[in-house]
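Residue numbers (our numbering): 471 to 760.
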Amino acid sequence: MSTSRRSFLKTLGVAGATLTVGKLFAKTPKKEDKTEFYGFLYDSTLCKGCMGCEYDCAEVNGLPEPEGSAKKGPLRTTTEYRRTVINRYDETSKGKMFIKNQCMHCNEPACASACLTKAMYKTEEGPVIWREDKCMGCRSCMIACPFDMPKFEYSSTNPIIQKCTMCFEKAIKAGETPICAYNCPEEALIFGKRRDLLKEARKRIAENPETYVDHIYGETEAGGTGVIMLASVPFEELGLRTDLETSPYPELNKTFLFSDPMIFVLGPAFLLGLRNAVIERMKNEKNELL
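So this is what it looks like as structure tokens:
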């Protein structure tokens, strides 16, 4: 039996042993206080489209410099090389407006709920992040996300999932503010506890009813998100989804997730074993070439 095959069967057995039915159907953990999560308040009425947040994000995460411009050209989307983008909408009911797109860091994220190996998960502090060592490459997180934010590196031989992490490892764990909010010259993006951000958003709407629509995007969308937004025009004019449920999306997925438990016992085990066998084979081939 070849080394790669032995490794595959060993990994398959270990993974299968750990993914038991009892664990899959364990009690739902106690829910965190959603008002205590960290998050962002993005005020689109203050944004000038400078793209500073894009450049800072690219620099701190070792990504290529942003291509295109928020001030002209076609609308852009997040990609495996862009974790956040600023777009300009010229034909809103109030003229030119900018909007920021990034992972919304849902209070109860559908991507994490769909991830069978917990590679995608929500931290106690609030950011939703991804762990490479636990990912089996199924891309269920991409399908589940109502905002279409997780992106896969299709062109890489060792692909990973890319999306905004709210600089969890680089900033939040160190007690610092994520660089995109820290450097925003207009303070269109501010960082803090979700409870305080909601309070600030309500205050701005109450004090300036002629400036803002009476709606905080992300307060209830998809069960509530860590990124909340203000605007002077209806959010559909800025390309944001307004057809989202107000219940958390994991609740809507329960029927599917538990329809055939054996698939979710054997499927992850098989894919994890296959992934690790492929990685080991690639390493062996590389060593043989040296």
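All C-beta atoms in this analysis are idealised placements derived from N, C-alpha and C, irrespective of residue type, glycine included.
Cβ contact annotation for Glu550 (same chain, cutoff 7 Å, sequence separation greater than five): Lys621, Phe622, Glu623, Gln632, in chain order. Looking from the CA of Lys564, the closest CA among Arg672, Gly696, Thr515 belongs to Thr515. In this structure, the straight-line span from the alpha carbon of Thr635 to that of Cys573 is close to 8 Å.
The Cβ-Cβ distance between Lys570 and Cys615 does not fall below 8 Å. Put simply, of Leu511, Glu578, Glu602 the residue whose alpha carbon is nearest the alpha carbon of Glu715 is Glu578. The Cβ atoms of Pro536 and Glu524 lie closer than 8 Å to each other. Separation of Ala641 and Gly522 (C-alpha to C-alpha, rounded to the nearest whole angstrom) is 17 Å. With respect to Leu708, Leu511 sits apart: the two C-beta atoms are not nearer than 8 Å. Using a Cβ distance threshold of 8 Å, Tyr508 and Gly607 do not count as a contacting pair. In the three-state DSSP reduction, Glu524 falls in the helix class (H, G or I). Under the three-state reduction of DSSP, Gly693 is assigned to helix.
A distance below 8 Å between beta-carbons, with the five flanking residues on each side excluded, links Gly519 to the following residues of its chain, in chain order: Ala540, Lys541, Ile556, Arg558, Phe568.
DSSP, read as helix, strand or coil, puts Leu668 in helix. Exclusion of the five residues before and after Thr627 leaves no residue of its chain whose Cβ lies closer than 7 Å to its Cβ. It is roughly 29 Å from the alpha-carbon of Pro648 to the alpha-carbon of Asp560. Taking a cut-off of 8 Å on C-beta distances, the region 678-685 touches the region 695-704, as three or more cross pairs fall below it.
Ile630 places its beta carbon less than 8 Å from that of Glu602. Rounded to whole angstroms, the Cβ separation of Met590 and Cys581 is 5 Å, and the two are in contact under 8 Å.
Assignment of Phe617 by DSSP, reduced to helix, strand and coil, places it in the coil class.
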